[in-house]
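Visitor: Please see the structure below; I have some questions.
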Amino acid sequence: MPEATPEQRLLRLSIGVTVVVSLFGVVFGLLSGSLSIVFDGVFAAIDAAMSGLALFVSRLVSRETNNRRFQFGYWHIEPMVLAFNGGTLMLLCFYAFLNAVASFLEGGRQLAFDWAIVYAVIVCAMCFGMFFYELRANRRIGSDFIRLDAQSWLMSAAITSALLVAFAIAWSFKDTPYGYLTPYADPVVLALLTICLVFVPIRTVRKALQEVLLMTPPELDAQVRRVMDDVVARHGFKTYTSYAAKVGRAQFIEIHVAVPEGMRLDNVTAADAIRREIADALGGEGPQRWLTIDFTADPRWL
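See the structure below:
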């Protein structure tokens with residue numbers, strides 16, 4: 005079995021910590037009677053499942069394949085998983101908001117604040133710890149999966165921090181004239197958090213859907229055009245057409261160069277030299293890049 009990459013090891017750690025957080029959430033949520041803590045635990049459990057799926061895809065896309073059914077590899081699976089992961093987080097926020105509104109309209113919930121505060125302190129420290137650890141590690145790794153996972157930890161940390169503040173304030177109101185407000189602390193905080201946090205995964209979902217739909221990134225298109233404009237001018241070619249797409253970590257670039265009818269490319273070696281020149285100018289060469297360059301004197305092939 006091939007050795008796990010830094011990305012895969014980090015995702016494994018994230019899954020393990022997430023499982024612990026989810027167990028904390030369910031147990032302490034039942035002990036305290038807090039709907040928001042139970043939601044936090046369920047959120048963590050589903051997030052662990054999403055991280056497990058991300059780990060599987062990470063191993064899949066890094067594998068060289070001779071599969072006749074997936075001849076271009078498994079790169080297309082990565083943005084699909086990112087879109088599914090981010091979409092699931094958005095749906096969870098929407099579902100939690102509906103539950104918060106329903107709980108508020110029913111008069112709120114009485115909580116055991118001591119259990120709730122103990123939970124919030126422990127989990128808050130774990131979530132912020134994982135967020136900063138992944139953020140620092142991903143500066144070297146540069147993984148979309150790790151970035152999304154770090155966002156999930158930040159969301160969890162923000163939820164738990166707000167719960168901690170709300171529970172502490174509500175507990176301080178318990179024996180005061182404002183004690184009647186304490187049952188509303190749980191649903192109000194949950195509703196406000198879901199409204200804010202639902203926007204966090206939107207950017208990831210938008211980017212992933214663009215890749216699923218094979219929308220050309222403007223910066224990649226501009227880079228190809230800049231390189232080819234220079235090559236065409238220096239070698240005296242007539243024109244060119246280019247097509248580019250980014251799918252997960254893979255880049256697909258197809259370039260068709262129109263040569264004048266009187267121009268001769270004496271041999272394959274000469275054509276390969278120009279291909280090498282273009283490839284070097286584009287940069288980013290590796291197994292994740294599919295680059296096709298052909299030459300023709302017939303404009304119908306462009």
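If you number the sequence shown the way this note's numbering does, the last residue is 306 and the count never jumps.
We put the CB at the ideal spot given by N, CA and C, even for glycine.
(1) Quick check: the Cα distance between Ala274 and Ala249, rounded to an integer number of angstroms?
(2) I need the DSSP call for Phe177, collapsed to helix, strand or coil.
(3) Using only the alpha-carbon positions, how far apart do Trp119 and Leu35 sit?
(4) Could you tell me the distance, in whole angstroms, from the CA atom of Thr300 to the CA atom of Pro222?
(5) Looking only at its own chain, which residues have a Cβ that is under 7 Å from the Cβ of Phe135, when we skip the five neighbours before and after it?
(6) Tell me which residues share the same chain as Gln114 and place their Cβ nearer than 6 Å to its Cβ, disregarding the 5 neighbours each side in the sequence.
(7) Using the three-state DSSP reduction, which class does Ala260 fall into: helix, strand or coil?
(8) Exposed or buried, which one is Tyr244 when buried takes at least 16 other CB atoms within 10 Å?
(9) Tell me the residue span of the alpha helix (DSSP H) that contains Leu86.
(10) Need the endpoints of the beta strand (DSSP E) that Asp298 sits in, please.
(11) Could you say if the region 138-152 and the region 223-241 meet the contact criterion of at least three C-beta pairs nearer than 8 Å?
(12) Determine the DSSP secondary structure at Val169, reduced to helix, strand or coil.
(13) Could you have a look at Tyr182 and say whether DSSP puts it in helix, strand or coil?
(14) In the DSSP assignment, what residue or residues form a beta bridge with Ala254?
(15) Quick one: is Asp302 buried, meaning 16 or more other Cβ sit within 10 Å of its Cβ, or exposed?
(16) Could you tell me which residues DSSP puts in a beta bridge with Tyr312?
(17) Within 10 angstroms of its Cβ, does Ser40 collect 16 or more other Cβ (buried), or is it exposed?
(18) Mind the definition here: the region 199-206 touches the region 77-85 only if three or more C-beta pairs lie below 8 Å; say whether that holds.
(19) Can you tell me which of Val235, Ile150, Arg63 and Ile199 puts its alpha carbon nearest to the alpha carbon of Asn103?
(20) For Thr296, I'd like the list of residues in its chain whose CB is within less than 8 Å of its CB, leaving aside the five on either flank, ordered along the chain.
(21) Whole angstroms is fine: what's the gap from Tyr78's alpha carbon to Glu215's?
(22) Please work out which residues of its chain come closer than 8 Å, Cβ to Cβ, to Lys213, disregarding the five sequence neighbours upstream and downstream, and give them in chain order.
Guide: With the structure as the only source:
(1) 27 Å
(2) coil
(3) 7 Å
(4) 26 Å
(5) Ala154, Trp157, Leu158 and Ala161
(6) Pro187
(7) Note on identity: in this sequence residue 260 is His, with Ala being the wrong assignment. Strand, per DSSP.
(8) buried
(9) Ile81 to Leu109
(10) Arg293 to Thr300
(11) no
(12) helix
(13) coil
(14) Val251
(15) exposed
(16) Since the first and last residues shown for the chain are 5 and 306, residue 312 lies out of range.
(17) buried
(18) no
(19) Ile199
(20) Ile257, Glu258 and Ile259
(21) 13 Å
(22) Inspection of the sequence shows that residue 213 is occupied by Leu rather than by Lys. Contacts found: Pro83 and Ala87.
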